[in-house]
């Protein structure tokens, strides 16, 4: 305890370390007490009488530079020590909820803070094999802001009292189970990271700009193969990250919000089965077509390895159908049929499938995913909002934009061609 006080060289003054949360209530009186025998006479070593209540009084005022408007809510977490975590995990679910409620009551009494300001969903996150964190939300009444402390101020008090619990009342009762190396950690939000915002905004601008310049580029080059390659690169840059992010969200993040896991699993898996059915049915229709069925079947057999890979990829995203549709352009056999307009039949078959794929992708994957991400971001007991959910929200939104843009582009191109003819 010697690190918390010091004696002056002349031994006539004592300096005591006071943590930030000591005088944490505005317009209040504090009594400074000193026990008997805390100080002894230097000459005869006899104990000196202490200081009792109503003798040494400190009064706090409102800070002059305090902001009139400040935060009213903060989401954060506390961590239990290893031994406390082990004991907590051994409790029944009901007793775990009781434990958390009792912890909130003690925190309210010791900080002090109105118990109505502290909230928890009675859940917890197991961050390691040995320790867990408990989410706690601080919601402060916005009325009387001139005399009431803000959520960030309460958050700071809570953090300091846990960090220095060995010199506060936190060393007694359930609050002693809190890990002083962790303190109280407010939720980290990627929106507060300006670098991430700049990167994302720049990426979105580049993507949308490329989409808008894409028709001009294709018109200048006048090459079907280059058009297909540019379109494929553009789609790959979006659909691959979107699918990977969807998996990461289900595995690592969906459990953070109650009842969101199974909904996320459905949004991830239902489109897989729909897209796989669309791909296989499209190939079946092509093979059974009386005009191109025989040649198309021979092409499928010849390039069966590539076709199988693309069918598997189509399950992850319908956009691979457009790649599968355009591949015959790069092969001699079906490129010949394109020259005699038989290829248009196959093109029409795939266009119908792509249209249905786009419909299901928008209404069964991307819109539900956006709704999930908005709900996830606004969940009041969320401990951390980082880059994966944010990027998933952005890529899902951009996918809808890309689908609509491609559809409008094709329709406008078709109208222009018909007028020229």
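Numbering (the numbering used here), first residue to last: 6 to 426.
C-beta atoms are modelled at their ideal positions from N, C-alpha and C, and glycine is treated no differently.
Query: Consult DSSP for residue 24 and reduce its assignment to one of helix, strand or coil.; Result: coil
Query: Would you mind sorting residue 164 into buried or exposed? The rule is 16 or more other CB atoms within 10 Å of its CB.; Result: buried
Query: For residue 168 and residue 185, I'd like the C-alpha separation in whole angstroms.; Result: 4 Å
Query: Since residue 279 is in the alpha helix (DSSP H), which residue starts that stretch and which ends it?; Result: 266-293
Query: What is the DSSP secondary structure of residue 355, counted as helix, strand or coil?; Result: helix
Query: So is residue 273 buried or exposed if we call it buried at 16+ other beta carbons inside 10 Å?; Result: buried
Query: Note down, one range per segment and in chain order, each beta strand (DSSP E) of at least 3 residues found wholly within the stretch 150-198.; Result: 189-191
Query: Between residue 403 and residue 366, what straight-line distance do the alpha-carbon atoms span, to the nearest angstrom?; Result: 12 Å
Query: Is it buried or exposed, residue 358, if we count other Cβ atoms within 10 angstroms and call 16 or more buried?; Result: buried
Query: Verify whether the separation of the beta carbon atoms of residue 183 and residue 83 is less than 8 Å.; Result: yes
Query: Whose C-alpha, out of 331, 396 and 294, is nearest the C-alpha of residue 350?; Result: 294
Query: CB residue 190 to CB residue 81, shorter than 8 Å?; Result: yes
Query: With a threshold of 6 Å on Cβ separation, who are the neighbours of residue 265 within its own chain once the five nearest residues in sequence on each side are excluded?; Result: 259
Query: Does the Cβ-Cβ distance between residue 141 and residue 159 come in under 8 Å?; Result: no
Query: Let me check understanding here. Comparing Cα to Cα, which of 299, 86, 60 and 101 lies closest to residue 176?; Result: 86
Query: Do residue 269 and residue 397 have their C-beta atoms closer together than 8 Å?; Result: no
Query: What are the boundary residues of the alpha helix (DSSP H) that includes residue 301?; Result: 298-307
Query: How far does the alpha helix (DSSP H) with residue 104 in it reach, from first residue to last?; Result: 98-115
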